[in-house]
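**Student:**
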Amino acid sequence: MKSLDWDEKGIRVDGKFLSNLRLADDIVIFAKSTTEVETMLRQLDKAGGKIGLRINWKKTQFTKNSWCDGGPIELDGSPIAETKSYVYLGR
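Just add 23 to the spot in the sequence shown (first one is 1) and you have the working numbering.
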């Protein structure tokens with residue numbers, strides 16, 4: 024994650040950017056727009072691939088609120104499923 028240039032990506036919380044939450048093999052990415060999410064997912068996939076990690080695209084989903092700009096998310100022509108809610112670490 025340190026190799027990714029995400030210092031100015033994500034959402035602002037108390038004046039600082041929050042781009043992701045992660046634990047073990049789970050990650051939540053925060054972004055201002057679906058376009059930014061697509062960019063971040065491509066970067067994450069590339070960085071992970073360099074060390075033998077792959078994103079399970081079948082399990083990948085996104086949710087957005089009224090502050091998020093943009094429409095559906097597609098990567099390499101495949102749509103990413105949208106969900107209205109998600110559970111992170113059982114909460």
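Where is the CB? At the ideal position from N, CA and C, for every residue including glycine.
I'd like to check one pair, Ser26 with Ala54: are the Cβ atoms closer than 8 Å?
**Tutor:** Result no, Cβ atoms of Ala54 and Ser26 do not sit closer than 8 Å.
**Student:** Would you say the region 89–103 touches the region 40–59, given that touching needs at least three Cβ pairs under 8 Å?
**Tutor:** Segments in contact, yes.
**Student:** Does the beta carbon of Gly33 fall short of 7 Å from some heavy atom of the ligand PLP?
**Tutor:** Of ligands this structure carries none, so the ligand PLP is not represented either.
**Student:** What are the boundary residues of the alpha helix (DSSP H) that includes Leu27?
**Tutor:** Per DSSP, Leu27 belongs to no alpha helix (DSSP H) and is neither H nor E.
**Student:** Within 10 angstroms of the Cβ of Asp33, are there 16 or more other Cβ atoms? Answer buried if so, exposed if not.
**Tutor:** Here residue 33 turns out to be Gly, not Asp, going by the sequence shown. So Gly33 ends up on the buried side.
**Student:** Residues in the same chain with beta-carbon distance under 8 Å from Leu112, minus the five sequence neighbours each way, listed in chain order, please.
**Tutor:** Cβ within range, chain order: Leu46, Asp49.
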